[in-house]
Each structure stands twice: as structure tokens, then as C-alpha cells.
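Peer 1:
2 protein chains.
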Amino acid sequence: VCAFIECRGVAARHMLSRDKVLTIDTMNPTVKNVEYAVRGPIVQRAMQVEKELREGVKKPFTEVIKANIGDAHAMGQKPITFFRQVLALCSYPELLNENMFPEDAKNRARRILQACGGSSVGAYSASQGIDCVRQDVARYIERRDGGVPCDPDNVYLTTGASDGIVTMLKLLVCGEGASRTGVMISIPQYPLYSAALAELGAVQVNYYLNEEKCWSMDLSELERSLAEARKHCNPKALCIINPGNPTGQVQSRQCIEDVIRFAAKERLFLMADEVYQDNVYAEGCQFHSFKKVLFELGPEYSDNVELASFHSTSKCYMGECGFRGGYMEVINMDPEVQAQLSKLVSVRLCPPVPGQVLMDLVVNSPQPGEPSYTTFMKERTATLSLLAEKAKLTEQILNTVPGITCNPVQGAMYSFPNIISLSLPPQALGQAPDMFYCMKLLEETGICLVPGSGFGQKDGTYHFRMTILPPTDKLKILLAKVKEFHQKFTQQYS
Amino acid sequence: VCAFIECRGVAARHMLSRDKVLTIDTMNPTVKNVEYAVRGPIVQRAMQVEKELREGVKKPFTEVIKANIGDAHAMGQKPITFFRQVLALCSYPELLNENMFPEDAKNRARRILQACGGSSVGAYSASQGIDCVRQDVARYIERRDGGVPCDPDNVYLTTGASDGIVTMLKLLVCGEGASRTGVMISIPQYPLYSAALAELGAVQVNYYLNEEKCWSMDLSELERSLAEARKHCNPKALCIINPGNPTGQVQSRQCIEDVIRFAAKERLFLMADEVYQDNVYAEGCQFHSFKKVLFELGPEYSDNVELASFHSTSKCYMGECGFRGGYMEVINMDPEVQAQLSKLVSVRLCPPVPGQVLMDLVVNSPQPGEPSYTTFMKERTATLSLLAEKAKLTEQILNTVPGITCNPVQGAMYSFPNIISLSLPPQALGQAPDMFYCMKLLEETGICLVPGSGFGQKDGTYHFRMTILPPTDKLKILLAKVKEFHQKFTQQYS
Ligand SMILES: Cc1ncc(COP(=O)(O)O)c(C=O)c1O
Ligand SMILES: Cc1ncc(COP(=O)(O)O)c(C=O)c1O
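From first to last, the protein sequence lines are chains E and Z.
So the first sequence is numbered by UniProt numbering: it starts at 1 and just counts up by one.
So the second sequence is numbered by UniProt numbering: it starts at 1 and just counts up by one.
If you want it as C-alpha cells, here you go:
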């Protein structure tokens, strides 16, 4: 398309554009407001650079190292054998007759196939998800939360957590002007939230995480943010990502309790993004689900506070992003609203069935005594230990760089270091300073990170986000190059 | 949830509801306007009836026969062996070392894996879809359309066709009051369209298909509809489903040409839903893609008319609904708008990779000389022949029923017969007459159809939609029961 246009020049292009029905001026304006940094300009440039390298263009580096997106398999993480065996069996049930697969894998596959229309993963499932998968999810949640009950009717399987989050926001949003729905999100945030809110025309209400206290949530900051927002919109929901993306923190039980009390008092719908629930590395840190804490606070809270929580097959030890599996659990949702939710999800027919299968395997993994148990545990532990190691490595090396400070990566898959000493010219270029920094880093070293401005940050502070996912040897190279680059950059612009 | 509520009674329920943040009164009003009949009240009741049967409740029938949704595998259609072999290989690449799979299946799997991050279908793909899959789609379109060029950059892989259609509508919609975007859709329609338009707050502009002329499109009706719409909104797009759902027609080349000229003259963006492109049964009928006809009309049209067309893995001979595969091709889209489209799809990260794999296999199926070719062709032909037979059977039997008239099922998977003689009491019950009819049919015979009112129909006419998918023996039972029921119903209410 672009080549075609370019050869006619800009004037012709504008002429052509005037003739179109759908132009930048006539299209949906809320879509124009959407931004999504994780796949933004830096990443597009990185792909070009890779292409240039393949075409033999000389660069000061020989490969692009991508640490821009939490895509574990793309970075070399291996899938869990058991999961893939069951997926193969479900895809091609003739394999059930082969004796190359362990019995527990076959049993899982048979059970799932039986729950599918015509015993085929090629049939649409119920829109809310396959019944027995939702039941397995409910039992998983009950185990995880020490017996707090979970009703499978409150579980919705989704197309990745992204789908659940957007669907839930869609239900919440209404109003115009000063009564427009506001949704509180952390800054820094995972940009799906800002993108979805922009698209839905809702008001993004920022609350800042406390970088000094390891990206924890401050009650006083929540109060400030809410009071401010109430002047110009109707804040209805509060979103939390725990463990955090892009900031890698794990919220304490106390903090979660405070947030729940705050939500109850201020009448806010809670959305808990818990896709990194198994990614906790730091000593003394532990994952506490919002649901569990909610129930521990007693019926005053557990009977009243509305909560939606989200999980995914994309993260944790699975890293199965391509399958787009996930679930959402809703608690204390008004039954009429829940009926609307069930109707809404039926329009898209159903989440991808292979993703549902994977979600089932995650919540119903091999048990002690089953033939696949040992291998499963070995693979799971190896992946999580390696991530813990890389989390530590990243924090340690970055903190040796003068001008960079970096909180511990307590969980999730990211570090969000502060590049303190960015006092530089690039405003002149009409770019965010950290965008300038990351673009220069890419051009000079081949390392692809995402500027902090893509996630939001306190005015006047600059960060980048990097994943801890590259294989250890590449991660070391990456960190060494960042160190060298940062020192040169600081010299050049000070 | 409901049990919990019920035991407290209606009064308590209202009290509770008042306390919620998110209630039917505070939720997004556009979501409330959404309707989706294919999974609506009839289908929910059918699921209850099935449960009652399992629990031993006595009924005048022993099983529910579902003909409410185009879900081929659920109705016993078998998947294409080659497709499932490649999917199994991609899911569990260790199988590449086994000699139980044909070489062409292995080659396809290797090629796809190579195109995946970390050689895993568990990695996120590019948001637009895997590069080599988009290239294969482009080549498929070129072959299908007799050499009309297709640029892979204009191909977007999607999460089923549903996703592409909703995304495209989302781009188009804007404005308030009299300048709100209007989108022309056929009546009867596939209710995804009305649902998406309701959710987006766009104006649904109805044009009626001509039932007397086998559900063809009339230019005069398009003109009437557009003129009417222009009085109160800004019609920007025209949607066509060909072959048709729920009406089973295949539009003639002439008709498509007329529609394109109309769209060009009236400056409408065309959306061609071609998910049934291989489902053409009637003699003398042929599938013509909108794109091909557009290009045959010459550069005056092919350089200007904006077109998005949609395909899916869910229909045709594949029927792989659960995988949620699909693609959309955009033609003559303004480059700035297309950049916005590319950004928009990146927010959801990527379509499910197994669905992309399936889409690839559909557009790049076994070729003459390859080991799987013969079996593939045999399976494909058998499925399509059986569908053609059932299309004929359905039309023939229904037309023997006094009071039912039924157009030939030229294509797709549906019949939409007219139940002429519905002159009956049920308005008294506050129900659409055909909803009353279908509900009674379900209760008395166990047959699950969807009332015409779920798709739209001319005022005062009544229809139901049934799929032709049940296995032939069940389809015969179904048709015989409908016949008997209709006769009894007519006697009772005349
Ligand atoms: C915090 C958070 N939520 C949600 C998602 C969406 O993940 P998916 O849609 O793949 O489940 C991500 C992905 O990176 C994430 O980091
Ligand atoms: C006309 C039409 N378009 C689109 C779809 C959506 O199909 P999918 O999202 O499964 O590709 C359907 C499904 O029945 C359909 O009939």
C-alpha cells in the first residue's frame, strides 16, 4: 500500500484520501486515541533493523535482542511436555490409539473431548466456556484460596486475559461529560488498560505506584487520585495488576487489604489482573489473590465488594501466549448484569477451544501418583527457578550502572528501572526523552526495550521496561550493553 | 448466584442490587441493546430440556435435535485428517520424529513452526498474523480470483470472522445524532451485525432481501433503504453476506456487479462476508468474490471502491469453529486508516495461533502429487456432497408442508422457510409469534430452531432458521417432526 502511495507523492495521496469513504477524519475518533507501546514504533523499527541485518546492512551489532514483550516461548522457554501431549491428542484423537503417550495425558484428552460437541475441539463450545473446564477452574481457585468457595457459573473462559479485561471494562463504561465512567489504573500500567479505556471513551484515572517503596500502592495516593477524579468524572472501578507489569512488584497482604477496604468504602468495582500469580521470586514475597483476602475480611466485605479477577495461559511457567487461553471470575456481580455479560460473550460465539484445553491443563495439572507428575514438576520448577535467577541478575547488574536505579524484580517478568540522569536534548526532536533513549539504544546496540512513557510514569522521571525472558547468556550481553550504552549516553548529553 | 438470590426473595434482591456499583441501571447501555438470537432463549431452554431428559423427566421425545447453529463438528461432521495431523505436529513437535505422519503434513508443520517465535505455536505471533500465513492467504486469494493481485500486507488474520467484522465496524463508526454512522445490513441478517452495531452505538440500516426472488438483492430496495436512512443518519457502509446466512442464497454475478456500482455511486464502504465461499450446492450457482467482480469492473472501480472481505475456518468443508481462525482482506483502504487498523489489532496481541495454522492449511491444502492429496480431496468432496444432498432434502420436504414455503438452499448451511399461516394468539403472551412457534416446537418435539425474528424479517411474515447440518437420518426425523408439528399447530390456531 505504502509503496503504491509513495510513488504518487504526497499531493496525490491527499487527493486520493479525500475520495475515500473511510479516512483519518471520518473514522472512529476513539480508535485514534488508542496507544499500545508494547508493539509500538520501537518494535516496528526493531523488525526493520532485523530485516536490514538479514539483507546484509552493516550495523555495530549482529542481532537484535528483544526484551520488549512478555513472550516466553519466543525467548526460548520450552512448553510443558504434558500440556502439548494432551493438545496433540485432542487435535488428532487417532493418537489415543498409540502407546507413545502416558495414560494421564490420554485420560485428560478423553475427558475434554467428551465435553466437546461431536467430541471435536473443532466445535464451538458454550460461549462461557466448556462446562467441565469451568468446573476445573472453580476447583483450582478453591484450592489456591484455601477453600473459599467458587461457583463455576461465575467463571468465564476468555480469549487470553486481554479479552476478559476488555469485556469487563465494556460492561462498566457509560455516561457523558462529568458523569462519564472513570476507571482507576496504576501508573505505570500495562497499556492494554489505557488502550481499552481510550477505545471505550472512558476516563483514565491515574494513581501512581510508589517507586520509592518498591512500586507498592499507597492508600493516600488512591485517595488523592479518586478525589481529583470525582471533580470531572464518575469513578466506578479500580484496576490492580499483581504481580505487576511493567514494574515487577508483588503487593503485600496488608496492601491488598487496604485496597479492598478502600474499594468498599468508596464503592468501586475491583478488577484484579492476576496473570502472573505463579511468577513470584523474591524472598518474603507471596502471591495473595484479591478473592482470598476479600473473604478473609469477613462477610461485610465478601458479601458486597464486586470483584472480577483475571488469569491467563500466557504467563507463569506455561508462557503459552499463542493459544489465547484465559479465564475471568466475577464475584458479587449483580445477577442482571451477569446475564448481560453472558449475552455479550455469546456474540463472539466462544473462546478458542485449544486455549480452553490449555487453561484446563493449567488448573488440573498432573497429580502425585500420575505418570506425568515427576516430569511436569521438574519442568515447572526449572522454568520458575530460571526466571527467579534472571530476575535477580537483572536487578543486580542494572543497579551497578551509575545513573540507573532499579527496584527488585519481586515477581512477573519485568524490570522497570529509573534512568535518573536523563537530562538531554531530545525534546527538540518532539520525542519523549525515554523514547529517544530507547531508539538510540536500538540503533547502536540492537537491543529492543520499551520506553517508560509507553506505560506512564511520574512527570520528569524516565524509565524503560525490559523483560527478564532472554536466555541467560543473551540477558547478560543485553545488560552489559545497556550498561555501556547508558554510560556513553550520559557523557554525551551532560 | 441465582439460587442465592432466590432464597432471599425479590424484595431482598432489589435491595441488594441497589447496593451494587454495577447494576442494570449503571452499566453500559449499548450492551443492553445487544441481542443474539443464535444463542438466545430458545437455545438456553433447549439446554435445560436436555438436562431434564438426562435427569429422567418424561417428555414426548427422547432427545433434543439442535439445528440452531452452524456448528458442523457438533453435528457429527468429521475434521479433515490432514489438518488435524499438522495441528498435532505443531502442538507436539516431537511427533515429527515418528513415521506415522505423511511427509507433506510434516513439511507443513515444519514450515509453520519455523515462522513462529522460538519455533513454538505458544509464542505470540505478529498482531496481523504470522507472515508466511498471510502470504499463503494472499496466494490463495489470487488463485481463487483468477490472478487478481493480493498484497499480504492487506491481509489480517482474525479470531474467527466475527473478530474481523467487529473490528472493521469499529473503525467505521462515529458521530452523534443525525451524523451518526449508519451501516446497511440485509434483513434477514446474521445477528452478529445487529449486535455489533448496537454495541458500537451505530445506526442499523435495514435493506430487505427479496424472498420472492430467492433472497436476492434488489437495487431498488437498496436505493429505498439508503434514501430513508440519509434522513436521520450518515450511512457509510454496506454489508453483504454471500452465500447467505440465514437465507442460504448465492448472489448472482450480475447482482454483485450492481451492488458494487451502487456502492461506488453512493460512496459506501463494502463489507463482504464470504465465510461460506465453498458452500455452493445449487446447479447454475457459483461463488463470485466481491473482490474479483470489483476488479473485473475495471480501474474506475478497482482503484476506488473500499472493500473488506472476510473468511473463516468455521464453515465450508472444514467446519473448524472451535479454533477461531479467520482472515480479512482490505482493499483500497486509506493508508492512514490502515495504520490505525494495524495499531488497533495490536492491543489484543494476536489471533490464536492454532487458528492461524488452520487458516494456513485451508489456503494451502495438499496439492496433486503430495501424499495426502487423495485423502484430502476424498474427505473434502464427501463433506460437500453430503451438504448438497441435505440442502436438497431440506428444501424438498419443507415444501411438501401445507403452509410452509421454502426457497432452495443454494449455498451456506441454512434454510429460512416462510411459515405463511401463522395467524395466531401468541401476541397475547408478549412474544413474537415465531418465537412462540419455535418454543412450542421445542417443548413438543425436542427440535431446536431459531425464530425468524432473531434475524429480522418483513413485518407480518414469519420464519424459522434451521441448519442443514444434522446427520441425514436425524435431519429426516427433524423434517418429519416439523411437518407434523406445523400441521397440528395450524389446525389448533386457525
Ligand atoms: C498484566 C497483564 N495483563 C494481561 C495481559 C494479557 O495477556 P493475554 O491476553 O495473553 O492473556 C498481559 C500480557 O502481557 C499482562 O502483562
Ligand atoms: C455469515 C457469518 N459470518 C460470520 C460468522 C462468524 O463465524 P466465525 O467467527 O466462527 O468465523 C458466521 C457464523 O456462523 C456467519 O454465519
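Note that the Cβ used here is the ideal one computed from N, Cα and C, for glycine as well.
(1) Put E:His-232 into one of helix, strand or coil per three-state DSSP.
(2) Leaving aside the five residues before and after E:Lys-66 along the sequence, list all residues of the same chain whose C-beta is less than 7 Å from its C-beta, in chain order.
(3) Ignore the nearest five residues each way along the sequence and tell me which others in Z:Ile-80's own chain have a CB closer than 6 Å to its CB.
(4) Between the beta-carbon of E:Leu-475 and the beta-carbon of E:Ile-468, is there less than 8 Å?
(5) Could you spell out the range, first to last residue, of the beta strand (DSSP E) harbouring Z:Tyr-327?
(6) One question on the structure: do E:Val-133 and E:Met-318 come within less than 8 Å of each other, judged by their Cβ atoms?
(7) Rounded to whole angstroms, what's the CA-CA distance from E:Pro-354 to E:Tyr-301? Just pull it up for me.
(8) Under three-state DSSP, which class holds Z:Ala-272?
(9) Can you confirm whether Z:Ile-54, when its beta carbon is compared against all beta carbons of chain E, has any partner nearer than 8 Å?
(10) Does the distance between the C-beta of E:Val-250 and the nearest non-hydrogen atom of ligand 1 fall short of 7 Å?
(11) Identify the contact partners of E:Gln-340 in chain Z, using a Cβ-Cβ distance below 9 Å as the criterion.
(12) Skipping 5 residues on each side, what residues in its chain have a beta carbon closer than 7 Å to that of Z:Asp-104?
(13) Take every Cβ of the segment 133-153 of chain E, pair it with every Cβ of the segment 248-264 of chain E, and state whether three or more of those distances are shorter than 8 Å.
(14) Would Z:Gly-182 and Z:Ala-227 be called neighbours here (beta carbons separated by less than 8 Å)?
(15) DSSP has Z:Gly-452 in a bridge; who is on the other side?
(16) Taking 7 Å as the cut-off, does the CB of E:Leu-358 come closer than this to any heavy atom belonging to ligand 1?
(17) Note down, one range per segment and in chain order, each beta strand (DSSP E) of at least 3 residues found wholly within the segment 284-327 of chain Z.
(18) Could you tell me which of Z:Phe-287, Z:Glu-306, Z:Glu-296 and Z:Cys-285 sits nearest to Z:Leu-270, measuring between CA atoms?
(19) Please tell me whether Z:Ala-74 has its Cβ less than 8 Å away from any Cβ of chain E.
(20) Less than 7 Å separating the Cβ of E:Leu-349 from some heavy atom of ligand 2?
(21) Going by other Cβ atoms of all chains shown within 10 Å of its Cβ, with 16 needed for buried, is Z:Met-27 buried or exposed?
(22) Which residues of chain E have a Cβ atom closer than 7 Å to the Cβ of Z:Phe-269, listed in chain order?
(23) Could you please give the first and the last residue of the uninterrupted beta strand (DSSP E) stretch that includes E:Thr-181?
(24) Any residues in the segment 442-471 of chain E with a beta carbon nearer than 7 Å to a beta carbon of chain Z? Which ones, in chain order?
(25) Whose C-alpha, out of E:Ser-220, E:Asn-234 and E:Leu-209, is nearest the C-alpha of E:Gln-251?
(26) According to DSSP, Z:His-463 sits in a beta bridge with which residue or residues?
(27) Per DSSP, which one or two residues make a beta bridge with E:Tyr-140?
(28) Identify the contact partners of E:Phe-323 in chain C, using a Cβ-Cβ distance below 9 Å as the criterion.
(29) Taking C-alpha atoms, which residue in Z:Lys-481, Z:Val-49, Z:Leu-171 and Z:Phe-83 lies nearest to Z:Val-330?
(30) Going straight from the alpha carbon of E:Ala-428 to that of Z:Leu-344, what length do you get?
(31) Are the C-beta atoms of Z:Gln-85 and some chain E residue less than 8 Å apart?
(32) For Z:Tyr-373, which three-state DSSP category applies?
(33) Output the distance between the C-alpha atoms of Z:Ala-72 and Z:Lys-315, rounded to the nearest integer angstrom.
(34) Taking all protein chains shown into account, decide if Z:Asn-97 is buried (16 or more other Cβ within 10 angstroms of its Cβ) or exposed.
(35) Kindly indicate which three-state DSSP category Z:Tyr-208 falls into: helix, strand or coil?
(36) Looking only at C-alpha atoms, which of E:Gln-492, E:Thr-394, E:His-463 and E:Phe-82 sits nearest to E:Ala-282?
Peer 2: Based on what the coordinates show:
(1) In this structure, E:His-232 counts as coil in the three-state DSSP scheme.
(2) Excluding sequence neighbours, E:Lys-66 sits near Ala-46 and Cys-448.
(3) The beta carbon of Z:Ile-80 sits closer than 6 Å to the beta carbons of Glu-379 from its chain, once the five residues preceding and following it are set aside; these are given in chain order.
(4) Remark: C-beta atoms of E:Leu-475 and E:Ile-468 approach each other more closely than 8 Å.
(5) That run of the beta strand (DSSP E) goes 325-331.
(6) No, they are not a contact pair.
(7) If I take the Cα positions, the gap works out to 36 Å.
(8) Z:Ala-272 sits in a strand when the DSSP states are folded into three classes.
(9) According to the sequence as given, residue 54 of chain Z is Arg; it is not Ile. False, the Cβ-Cβ gap to chain E never drops below 8 Å.
(10) Every heavy atom of ligand 1 is 7 Å or more from the Cβ of E:Val-250, so no.
(11) Correct list: Ile-24, Met-27, Asn-28, Val-31, Lys-32 and Val-34.
(12) Take Z:Asp-104, set aside five residues on each side of it, and the residues of its chain with a beta-carbon closer than 7 Å to its own are Pro-366, Glu-370, Pro-371 and Ser-372, in chain order.
(13) Three or more beta-carbon pairs separated by less than 8 Å are not found between the segment 133-153 of chain E and the segment 248-264 of chain E, which leaves the two stretches without contact.
(14) No, these two residues do not count as a Cβ contact at 8 Å.
(15) According to the DSSP secondary-structure assignment, Z:Gly-452 is paired through a beta bridge with no residue.
(16) No, Cβ of E:Leu-358 sits at least 7 Å from all heavy atoms of ligand 1.
(17) The qualifying runs are 307-312.
(18) That would be Z:Glu-306, whose Cα lies nearest to the Cα of Z:Leu-270.
(19) Yes, because at least one Cβ of chain E sits closer than 8 Å to the Cβ of Z:Ala-74.
(20) It does: the Cβ of E:Leu-349 is within 7 Å (strictly closer) of some heavy atom of ligand 2.
(21) Label assigned to Z:Met-27: buried.
(22) By Cβ distance, chain E contributes Val-21 and Leu-22.
(23) Per DSSP, the continuous beta strand (DSSP E) segment holding E:Thr-181 begins and ends at 181-187.
(24) Taking 7 Å as the Cβ-Cβ cut-off against chain Z, none of the residues of the segment 442-471 of chain E qualify.
(25) Residue E:Leu-209 is the option with its Cα nearest to E:Gln-251.
(26) Per DSSP, Z:Asn-418.
(27) Beta-bridge partners of E:Tyr-140 (DSSP): none assigned.
(28) Looking for chain C here will not work: the only protein chains present are E and Z.
(29) Looking at the Cα atoms, Z:Leu-171 is the closest of the given residues.
(30) Note that E:Ala-428 scores a pLDDT of 47, beneath 50, so its modelled location is shaky; the value from the coordinates is reported in the next line. In this structure, the straight-line span from the alpha carbon of E:Ala-428 to that of Z:Leu-344 is close to 29 Å.
(31) It does: the Cβ of Z:Gln-85 has a partner Cβ on chain E nearer than 8 Å.
(32) If DSSP states are grouped into helix, strand and coil, Z:Tyr-373 belongs with the helices.
(33) Looking at the two C-alpha atoms, the distance is approximately 8 Å.
(34) By the Cβ neighbour-count rule, Z:Asn-97 is exposed, with fewer than 16 other Cβ atoms within 10 Å of its own.
(35) Note: Z:Tyr-208 maps to strand in three-state DSSP.
(36) Of E:Gln-492, E:Thr-394, E:His-463 and E:Phe-82, the residue nearest in Cα terms is E:Thr-394.
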